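With numbering that gives the first Met the number 0, the residue at position 29 of the sequence shown is 28, and numbering never jumps.
Written out below as structure tokens is the structure these notes cover.
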Amino acid sequence: MSDDLYRELILDHYRHPSNFGHLKDATGKYRDSNSNCGDVIQMEVRVKDGKIDDVMFTGVGCAVCIASASLLTENVKGKTVEKALEMGEPDVLGLLGLKSITPERGKCAMLPLKVLKMSLLQGQKQA
């Protein structure tokens, strides 16, 4: 896929993010920010039988951060909590269609995964 198509994917998810909003009956919720860019993301997850039943996010941020959150929420629905907790930077970059990213933008891209993992761990503590 060309760089232009990847840019279009990021911009499309930035303009029209999937799973944006609040989740009723969330089993875990976490919020964090990236002070370098001003990104703020909150994720709410509902886990049933060890799998991510639903996940939604709210927040404000740059195109990379919002697109990352949108694509990540699409990708993890139905996955086991264990698989989601194993995800790392290569997975996020793959969702965004990027081979590499600057360290500054890397923080933007990785914030949603950090928040997702913390919301899953918070849900496990409450269970």
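Cβ coordinates follow ideal geometry from the N, Cα and C atoms, glycine included.
Remember, it's a predicted structure, so these values are computed and weren't measured experimentally.
Closer than 6 Å by C-beta to residue i: which residues in its own chain qualify, once you throw out the five before and the five after it? Chain order, please.
i	result
Glu73	Ser17
Lys78	Ile51
First and last residue of the alpha helix (DSSP H) that includes residue i?
i	result
Ile65	62 to 75
Any idea if residue i is buried or exposed, counting beta-carbon neighbours within 10 angstroms, 16 or more meaning buried?
i	result
Glu103	exposed
Ignore the nearest five residues each way along the sequence and tell me which others in residue i's own chain have a CB closer than 7 Å to its CB.
i	result
Arg6	none
Asn35	Glu103, Lys106
Leu70	His12, Leu94, Leu95
Gly122	Thr26, Gly27, Val44, Val46
Asp24	Arg45
Met0	With a pLDDT of 47 at Met0, under the threshold of 50, the predicted position of this residue should be treated as unreliable, and no value is reported.
Just curious, the beta strand (DSSP E) that residue i is in, first and last residue?
i	result
Lys47	38 to 47
Lys50	50 to 59
Lys28	27 to 33
Is it the case that the Cβ atoms of residue i and residue j are separated by a distance below 9 Å?
i	j	result
Lys124	Val80	no
Val63	Leu95	yes
Lys116	Ala83	yes
Leu92	Val54	no
Ile40	Gly60	yes
Leu110	Ala66	no
Looking only at its chain, what residues have a beta carbon closer than 8 Å to the beta carbon of residue i, apart from the 5 residues adjacent to it on each side?
i	result
Gly105	Glu88
Pick out the complete alpha helix (DSSP H) segments inside the segment 74 to 105, 4 residues or longer, and give them in chain order. 80 to 85, 88 to 95
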